[in-house]
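Residue numbers (the working numbering), protein chains in the order written: chain A, 887 to 1111; chain B, 887 to 1111; chain C, 359 to 614; chain D, 359 to 614.
Every residue gets a Cβ at the ideal spot worked out from N, C-alpha and C, and that includes glycine.
Keep in mind the model is a prediction, meaning the values are calculated, not measured.
Working notes, beginning with the structure itself.
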Amino acid sequence: MSDAAKGLTRQQMCDRLAMEFQDGWIVNLGIGIPTLCSNCDFGDKEIIFHAENGVIGYGPLARPGDEDLHLVNAGGQHVTLQPGAAIVHHADSFGIIRSGRIDVTVLGAYEVAANGDFANWKTAGQKGGGIGGAMDLAACAKHVFVAMEQTTRNGAPRLVERCAIPVTARGVVDLVITNYGLYEITADGMALKEIAPGVTVDEVRATTGCNLIVPREVPPVRLRA
Amino acid sequence: MSDAAKGLTRQQMCDRLAMEFQDGWIVNLGIGIPTLCSNCDFGDKEIIFHAENGVIGYGPLARPGDEDLHLVNAGGQHVTLQPGAAIVHHADSFGIIRSGRIDVTVLGAYEVAANGDFANWKTAGQKGGGIGGAMDLAACAKHVFVAMEQTTRNGAPRLVERCAIPVTARGVVDLVITNYGLYEITADGMALKEIAPGVTVDEVRATTGCNLIVPREVPPVRLRA
Amino acid sequence: MPRSKIFPSFAEAVSDIADGSVVGFGGFAVVGMPVNLYQALAEQGAKNLTCVSNGTGGGATLPADAPNLSRLISNNQVSKVICAFTAPTRASQRLVLTEYVDKGLIEAELVPQGTLAERMRAAGAGIPAFYTPAAVGTELAEGRETRVFGGREYLLEEALPLDYAFIRAWQADAFGNLRFRRSQRNFNPVMAMAARVTIVEVEEEILPRGAIDPDDVHLPGIFVHRMVKIPPPPEGWWPRRPAEIAAQQQAGRNAR
Amino acid sequence: MPRSKIFPSFAEAVSDIADGSVVGFGGFAVVGMPVNLYQALAEQGAKNLTCVSNGTGGGATLPADAPNLSRLISNNQVSKVICAFTAPTRASQRLVLTEYVDKGLIEAELVPQGTLAERMRAAGAGIPAFYTPAAVGTELAEGRETRVFGGREYLLEEALPLDYAFIRAWQADAFGNLRFRRSQRNFNPVMAMAARVTIVEVEEEILPRGAIDPDDVHLPGIFVHRMVKIPPPPEGWWPRRPAEIAAQQQAGRNAR
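What follows is the structure in C-alpha cells.
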C-alpha cells in the first residue's frame, strides 16, 4: 500500500510539469491538482492560462479578501488576470480548444494506461459522470499531461496496462506526474523518467500496474532551487 | 414595352412594402431598391434593421459630410445608428439570419415565379454570380418580399410562371412590389392586390409572364398622404 | 412601440413557463448563475422540465440553501437534465440528481462541456447538426454516428434549442443589450441565442436604451425578451465571499 | 518572452507568404478591408494564391487605383478565389476576375455569404463540417450531399481553414488584443480564428499590453500574430469620403 504523503507534494508535482511548458504556450488546467500550475514561477517564459469558461490569460489565485466574485477558473477558484487577458463566451472558448490552440492541458485522472489512454470522468459502476471539458480538451490539445497520485486511497495502481473504467480519450497522454515520479508515454510503453526524492524504484514498480521502462540510472525529479 | 418610369417611384415601392412591417420586426434589406426601406417613416412602430455585416439597429442614410467611414449597410451605403444598436461579427450575423430571427428580408430580383421561386444572383449564361447573403436570407427569413421593376429594360416580364434562370430559393416569396403594382404569392398563384396610379390592369397583364389572379376591383397602391 | 422588456418581478417574468418546457440555465461555478430565476421557477412550480446546465449544484459563494438546479430537482419539477456533470467528481460529494436518476425519476443526458456549448450555439445559428472530435472513442460515442474528415474521426451532434434561457448579466439597457463581467459571460450569451425566450436577471440598474456603445454590447437586445433588476440582499440573491457567508451564518446561529 | 508581434513594416509582415498559400482578406464594402496588406502582398509577389474574400473589388471610399483582390488577380498572383460575389451584380459593372475565369486562368468558387462566414468560423472552432439551409434547392447544391433534420433539408458544408488572415482593426494592444469600430468587425475576427497566422493593419497607435479591458476585447490576442500600424496618408491607405477623393483627383488633374 502506498503512502499518499510520500514523495512529491502536489505543488511540487505541478512545478515539475510546469517546467515543460514552453515560452508562449497556451495552457489549460483541469480541476484538482492541475490548478496549482497557475501558481508556478515561469521566470521569463510567457505562459497564457486558458479556462473553459472563456478566461484567456489568468494568473495566480486571488488573495483572500481580494477575490473578484465575477472571476473564476475552471475549478471555480477565484483567480487574478494578467495584463493582456481577454474574455470570450463558452462556445468560443471551446472553439479555441477544438481548433488545437491549446498547447497543453494538464488534467487529473483515475487511471492512465501504457498506450496513452486515460480515464477521469466516471468511476467503476457509477451512473453518469463528471466530464466537464475534459473530453474536448483531451481530444484536441497538442499535449495532454496528467497529474495524479501514484495510487488510489486503497493502494491500487493508477498507472495501468489498459484502463478498466471508461476512457476520456484514447492514446493522447504524453507525460504523467505522480507523487512517486515523472513518466513518459513512449511508443514502447510507459517509461519512468525521473523519480521522487525518498522513493525507490522498487516502490515505483510495486505501485505501478503496467510494464515499466526503467533506465539503469533514474535521475531525481527536477525541482526548482 | 414597359416604361420603367411609369407608375410608382422606387421610394414609393419601398414605402408600400414598409407598411407591411409589423411593430418590433427585424428587417433585412438587400442591395438596390430595397435599401430605400430604411428611409421610411414608421411612426410609432419600432423596426430594427439588420445588415449582413453585423449591424443591428441602423437607421436612415447618413447626410453627406456626416458619414461614419466605419459604418455601412449591406449595400455599402453609409448609414446612421439608432439608439440600442449593436454590432456582431459576420458569423454571428448570419447565425441571426439562419436561426429564423429575421422577420422579413426585402430583396431585389431578376425574376419571381408564381410558385414563390425567385432568382436574383446570376443572369442567363453568366459564369459565377453575385450571391452575397441572398441565399441565406431567402432560405431562412420568416417572410421574403421582393422589390423590382415590372419588366427588364427590354420589356420582358420579371413576373413569370417558372424561373428561367437559376433560383436563389424555392417557394419562399410572399409579396412583390413593382412600379406597376403589389402582388401576393398565394396557394393559387400570383395575385394582383393593388395597382399603381396611372397603370391599367391591361398594362399589368401585358407585362406579366404568368397567370394572374385579378379581383374585379383592384384597389390603388396605398401610399402615405 | 413593442411592450417593455423590463419586468417588475421575477414571478411575473416566469409566470408563463409551461410544464414540459426546455429551459437552459447559464452560469459556471456560481458566476453568472441565475440564482433569482431559479428561485422564481421553484415558486412558480412548472413540472416535467428539461433542464440544460453545466451542472446541477451551486458553489462556495452562495449559502448551501441558495436555489439551484438541485432545488428544482428535489422540488420534483424536472424530468430530464442535460449537463456536463451528472455525477459527483469526488467520492466525498453527493448530488441530489443521483437519487432521482437511481429511482428512475429523471433522465440524465451527459454531454461534454464543449459539445453542450456548441449544440446550443448551433441552435442559435440555424445549424441543425455538426461534427466534433470530442468524445470519439469513448463510451459516449458508442452506437452513434461518426464520420471521417481529413483522416480523423468525428462524432455527429445535433443542435440543442431551448424554449427559455435563464441568464444573469452585469449591465443592460432598456432594449436588452447586455454586458457580462469577467467570467460571468460563460454559457449565458450562448443559451440566449439558442432560446425562443430569454429572461435575464440584471445586477446593475437597467440603463436607458442606447446607453451601451454598440461596439461594447456582448449580447444584442434582439436575443433578450424579459429583464428584472436584482433587488439588494436579502431580497435578491448575490454571491458573496465564502468567509462572509460563514460569518453571517455564525451570527445567525448565535442570535438563535 | 516570445517575439514582439509588432512589425515595423507591411513588407516585413508579409515577407514569408509562400506560393500556393490560402489567404483570407477581411472587410466588407471597404470597411475593415486590409488595403495596405493588399498592397504589400502585391509587391511581395507570392503566386498561385487561393484568396478568400467577400468579393474582389474595392468601393467608393477608395480611389479606383487602390489595391484590392482585383489587383492581385491582374498581377497574376491568384489561382483560385472563394467569394460570395464572382460576377458583377449590375450589367454596368465589370470584374477583373471575369476575364481570368473566362480564360481558364483562375478557378472561382462561389459561396453564399453566410456559408462563407460559417465555414471559416467552423475552421476556427475545430468543427470539420456542418449542415446549413442556405442554397438548398439551387444550382449550388446540385450533386452535393444533403440531409434532412426535423423534416427540413440541409446542405453539408466543410470547414474552410486559412494559412493567413489579412485583416484591419481599429485598436490593438501589444499582445494583439483587437477592437473593431462599427461595421469594421464583419469578417475580420472570423477569418483570424480560421487562420494559422493572422496579420493585422491597425488604425490607431498600438497600445501597451493590457490597455484594453478584458471584457472589451473583440478578438483575443491569441489569434493575432503580426501587427503593423498604418502610417498616415499618403504612405498608408485610409478610406475617405467619395467627395474628398473626387476633389483630390480633380486637384491632381488641374496641377498637371
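> Taking the Cβ atom as the reference point for each residue, do Val439(D) and Ala466(D) lie within a distance shorter than 9 angstroms?
Replying inline: yes
> DSSP state of Asp531(C), grouped into three classes?
Replying inline: strand
> With contact counted as at least three CB pairs below 8 angstroms, one residue from each stretch, are the segment 475 to 494 of chain C and the segment 1029 to 1046 of chain A in contact?
Replying inline: no
>> Which same chain residues end up closer than 6 angstroms to Tyr1066(B) when comparing Cβ atoms and leaving out the 5 residues on each side of it in sequence?
In response: Gly893, Gln1036, Ala1082, Val1085 and Val1090
>> Does Ser888(B) come out as helix, strand or coil in the three-state DSSP assignment?
In response: Here the model assigns Ser888(B) a pLDDT of 48, short of 50, so the residue's position is not dependable, and the following value carries that caveat. Ser888(B) falls in the coil class under three-state DSSP.
> How many Å lie between Gln451(C) and Ser437(C) at the Cα?
Replying inline: 22 angstroms
> Can you give the Cα-Cα distance for Met887(B) and Gly1041(B), rounded to whole angstroms?
Replying inline: Low confidence applies here, because Met887(B) scores a pLDDT of 44, under 50, leaving its location unreliable; read the following figure in that light. Near 5 angstroms, if we compare the C-alpha coordinates of Gly1041(B) and Met887(B).
> Which residue's Cα is closest to the Cα of Phe545(C): Phe533(C), Arg479(C) and Arg502(C)?
Replying inline: Arg479(C)
> Name the chain C residues that come within less than 7 angstroms of Arg486(D), Cβ to Cβ?
Replying inline: For clarity, residue 486(D) is Pro in the given sequence; the question names Arg instead. Per Cβ cutoff of 7 angstroms: Tyr489, Phe507, Gly508 and Tyr512.
>> Nearest by alpha-carbon distance to Ile1099(B): which of Ala1073(B), Ile1017(B), Ile933(B) and His964(B) is it?
In response: Ala1073(B)
> Would you say Ala527(D) and Leu577(D) are within 9 angstroms of each other, going by their C-beta atoms?
Replying inline: yes
>> With distance defined between alpha-carbon atoms, name the residue in Glu932(A), Ala1010(A) and Glu1080(A) nearest to Asp989(A).
In response: Glu932(A)
> So the alpha helix (DSSP H) Ala550(C) belongs to, where does it begin and stop?
Replying inline: Asn546 to Ala552
> What's the call for Pro950(A), buried or exposed, on a 16-neighbour Cβ count within 10 Å?
Replying inline: exposed
>> So, for Val1087(B): in the same chain, excluding its five sequence neighbours on each side, which residues have a beta-carbon less than 8 angstroms away from its beta-carbon?
In response: Leu1078, Ile1081, Val1100 and Val1104
>> For Leu531(D), tell me which candidate among Val454(D), Val582(D), Gly415(D) and Pro591(D) has the shortest Cα-Cα distance.
In response: Looking at the sequence shown, residue 531(D) is not Leu but Asp. Selected option, being the one with the closest Cα: Val582(D).
> Can you tell me the Cα-Cα spacing of Gly610(D) and Arg1039(B), whole angstroms?
Replying inline: 38 angstroms
> What is the DSSP secondary structure of Leu1098(A), counted as helix, strand or coil?
Replying inline: strand
> Enumerated in chain order, which unbroken segments of the alpha helix (DSSP H) with a length of 4 residues or greater are wholly contained in the segment 896 to 975 of chain A?
Replying inline: 896 to 904
> How would you list, in chain order, the residues of chain A whose beta-carbon sits under 9 angstroms from the beta-carbon of Pro547(C)?
Replying inline: His975, His976 and Ala977
>> Helix, strand or coil for Asp460(C)? Go by DSSP, reduced to three states.
In response: helix
> So Met1021(B) is in the alpha helix (DSSP H); what residue range does that whole segment cover?
Replying inline: Ala1020 to Cys1026
>> Starting from Ser428(C), trace the alpha helix (DSSP H) in both directions and tell me its first and last residue.
In response: Leu427 to Ser432
> How about Pro519(C) and Leu498(C): are their beta carbons less than 9 angstroms apart?
Replying inline: no
> Grouping DSSP H, G and I as helix and E and B as strand, with all else coil, what is Met478(C)?
Replying inline: helix
>> Is Asp1022(A) close to chain C? Criterion is C-beta to C-beta, closer than 9 angstroms.
In response: yes
> Can you find a CB in chain B that lies within less than 9 angstroms of the CB of Asn412(C)?
Replying inline: no
>> Please tell me whether Asp531(D) has its Cβ less than 9 angstroms away from any Cβ of chain A.
In response: yes
> In whole angstroms, what is the alpha-carbon distance linking Trp911(B) and Met359(C)?
Replying inline: 11 angstroms
> Expressed to the nearest angstrom, what Euclidean distance is found between the alpha-carbon atoms of Gly508(C) and Ala422(D)?
Replying inline: 42 angstroms
> What do you get for Asn535(D), buried or exposed, if any count of 16 or more other CB atoms within 10 angstroms of its CB means buried?
Replying inline: buried
>> According to DSSP, is Glu511(C) part of a helix, a strand, or is it coil?
In response: strand
>> Run through chain C and tell me which residues come within less than 7 angstroms of Asp954(A), C-beta to C-beta.
In response: Arg540
> Using a Cβ-Cβ distance under 9 angstroms, would Met887(A) count as near chain C?
Replying inline: Confidence at Met887(A) is low in this model, with a pLDDT of 44, below 50, so the placement of that residue is unreliable and no value is reported for it.
> Taking any Cβ of chain A, which residues in the segment 588 to 601 of chain C have a Cβ under 8 angstroms from it, in chain order?
Replying inline: Pro597, Arg598, Arg599 and Ala601
> Residues of chain D with CB under 7 angstroms from Glu938(B), in chain order?
Replying inline: Gln471
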